[in-house]
């Protein structure tokens with residue numbers, strides 16, 4: 003049973019890692035500028051890596067791959 007749990011856990015971790023690098027789109031309000039940018043939609047808060055110049059309180063949509071909870075924004079609009 004322990005071996006089965008370890009195999010299942012590894013499969014779950016691999017699936018989570020694969021899903022974590024998929025492109026995501028997130029819309030919210032900039033609640034922190036600088037490095038990192040933090041965007042909040044009222045229910046979730048996301049950390050965003052971007053070179054875009056954003057203003058506090060600005061509503062933005064970011065799109066790009068998400069890894070380890072941080073969106074690497076390819077697009078900001």
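Residue numbers (our numbering): 3 to 79.
Note that CB positions come from ideal geometry on N, CA and C, so glycine has one too.
1) Give the single residue among 66, 44, 45, 58 whose Cα lies nearest to the Cα of residue 51.
2) Would you check if the distance between the CB atom of residue 24 and the CB atom of residue 63 is smaller than 8 Å?
3) Would you mind sorting residue 36 into buried or exposed? The rule is 16 or more other CB atoms within 10 Å of its CB.
4) How long is the line joining the alpha carbons of residue 53 and residue 68, rounded to whole angstroms?
5) Decide if residue 30 is buried, meaning its Cβ has at least 16 other Cβ atoms within 10 Å, or exposed.
Looking at the atomic coordinates:
1) Among 66, 44, 45, 58, the Cα nearest to that of residue 51 is on 66.
2) no
3) exposed
4) 16 Å
5) buried
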